[in-house]
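Structure record follows, encoded as C-alpha cells.
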Amino acid sequence: RRRLVRSAQREQTQQQQLRTTCKMPARNPLISKSVREHGRARAYGRKKQWLHAKKGGEPKAKKEVEPAKIGKWVEVEKTRKKRVKKHNQTKLRKSIVPGAILILLAGRYAGKRVVFLKQLDSGLLLVTGPFGVNRIPCRRVDQAYVIGTSTVVDISGIEIPAKLNDEYFKVAKNAPKKGEEGFFDISKATPEEAEAKLDAAEKEVSKAVAAAVEKVPLLKDYLQSRFALDAGSAPHLMKF
Numbered sequence: 457r458r459r460l461v462r463s464a465q466r467e468q469t470q471q472q473q474l475r476t477t478c479k480m481p482a483r484n485p486l487i488s489k490s491v492r493e494h495g496r497a498r499a500y501g502r503k504k505q506w507l508h509a510k511k512g513g514e515p516k517a518k519k520e521v522e523p524a525k526i527g528k529w530v531e532v533e534k535t536r537k538k539r540v541k542k543h544n545q546t547k548l549r550k551s552i553v554p555g556a557i558l559i560l561l562a563g564r565y566a567g568k569r570v571v572f573l574k575q576l577d578s579g580l581l582l583v584t585g586p587f588g589v590n591r592i593p594c595r596r597v598d599q600a601y602v603i604g605t606s607t608v609v610d611i612s613g614i615e616i617p618a619k620l621n622d623e624y625f626k627v628a629k630n631a632p633k634k635g636e637e638g639f640f641d642i643s644k645a646t647p648e649e650a651e652a653k654l655d656a657a658e659k660e661v662s663k664a665v666a667a668a669v670e671k672v673p674l675l676k677d678y679l680q681s682r683f684a685l686d687a688g689s690a691p692h693l694m695k696f
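Numbered by the working numbering, the letters in the sequence shown go through residues 457 to 696 in order.
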C-alpha cells in the first residue's frame, strides 16, 4: 500500500511540474506516467502532419499516374459462369455390401434384421425382409440408422427391377384415413391382406431372396429373431 501511495504522489507532482513549466496547454497532455490523452493516430491528426511533406510547409505534390499499357489481348468483360451442383453419391460403409444382413435401429421395424439389395440414386439403402420370412416389405433406409453385420447372403443371381427406385416409394399407396374415422380405426390388416397389397415387383424380389435365405442353414431363424441389448452389455465391444 505504501508503494502505491508513493507512486500516486509522484504522478501528481509530475503533472504539477508539467503544468507550471508549460505556458501553452499541451496538445496531447499526460494523463498518467507514460500515458497520454490521445492516441498516436489522433495526435497525428491534431498536428496536421499529413498536410505538409517537409518542414518548409509545402503541400505534397500529386504523383502523375501513368496510363496502363494495353497489351496484345484485351479482356472485354468477365462473365460469371453458373455453378452446376453435382449430386455426389454417398459412400457406403465397408460392411454394407449387396446381400448383407443389416439391423434396423429406428422406425416401425426397429430391432429387426433385413437383407440389403442395392443403393438408390438418393443415397438411401433398398432393403427387404424378405416379406415371407419376417413380414418386412421393400423399404428405403438411411445407413445412419443401420448396423452392418458380417453375415452375407448370395443374391448375385437375383435381378432387382428398375421400378423399385425413389419415385416408387414416394407415392403414398396406402394413405391413412383422415378425420374421426381414421382416428378411431384400430383394425389391423391380416398377413394375407398385407401380402395382397404388395406390388408384383416386390413379390418377385421377396420370393427370390427368401429362396436364397433358405439355402443357408439357420439363417431364416436368425432373420426372424429381434435384436436387443440387455443391461450391462457393451455394444462397442460386440462383433456383429
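For every residue, glycine included, the Cβ atom is placed at its ideal position computed from N, Cα and C.
Ends of the beta strand (DSSP E) at Phe572?
Counting along the chain, the beta strand (DSSP E) containing Phe572 begins and ends at Arg569 to Gln575.
Name the DSSP beta bridge partners of Ile616, please?
Ile616 is not bridged to any residue.
Ser681: buried (16+ other C-beta within 10 angstroms of its C-beta) or exposed?
exposed
Please report the Cβ distance between Ile559 and Val602, rounded to the nearest whole angstrom; I am assuming they are in contact, meaning their Cβ atoms lie under 8 angstroms.
7 angstroms
Distance between Arg462 and Ala509 (C-alpha atoms, nearest Å):
In this predicted model, Ala509 has a pLDDT of only 49, less than 50, meaning its place in the structure is not dependable; the value taken from the coordinates is given anyway. Cα to Cα, Ala509 sits roughly 45 angstroms from Arg462.
Is the stretch 688-695 close to the stretch 610-627, with three or more CB pairs under 8 angstroms?
With the cut-off at 8 angstroms, the stretch 688-695 and the stretch 610-627 do not touch.
Indicate whether Pro586 and Ala657 have their beta-carbon atoms separated by less than 8 angstroms.
no
Is the distance from the Cβ of Asp622 to the Cβ of Leu654 below 8 angstroms?
no
Can you tell me the Cβ-Cβ gap for Ala684 and Gly604, rounded? I've got them flagged as a contact below 8 angstroms.
Between Gly604 and Ala684 the Cβ distance is about 18 angstroms, and since that is not below 8 angstroms, they are no contact.
For Tyr500 and Val491, what's the separation of their Cα atoms in angstroms?
16 angstroms
Mapping DSSP to helix, strand and coil, what is Ser689?
coil
Buried/exposed call for Ser488, threshold 16 Cβ in 10 Å
exposed
Which value, in whole angstroms, describes the spacing of the CA atoms of Lys504 and Ala482?
15 angstroms
Could you check where the beta strand (DSSP E) with Gly501 kicks off and where it finishes?
Note, Gly501: premise wrong, no beta strand (DSSP E); alpha helix (DSSP H) at Arg496 to Lys503.
Host alpha helix (DSSP H) of Val583 (start-end):
No alpha helix (DSSP H) contains Val583, which is instead part of the beta strand (DSSP E) from Leu581 to Thr584.
Quick check on Pro485: buried or exposed, where buried means 16 or more other Cβ atoms within 10 Å of its Cβ?
The residue in question, Pro485, is exposed, as its Cβ has fewer than 16 Cβ neighbours within 10 Å.
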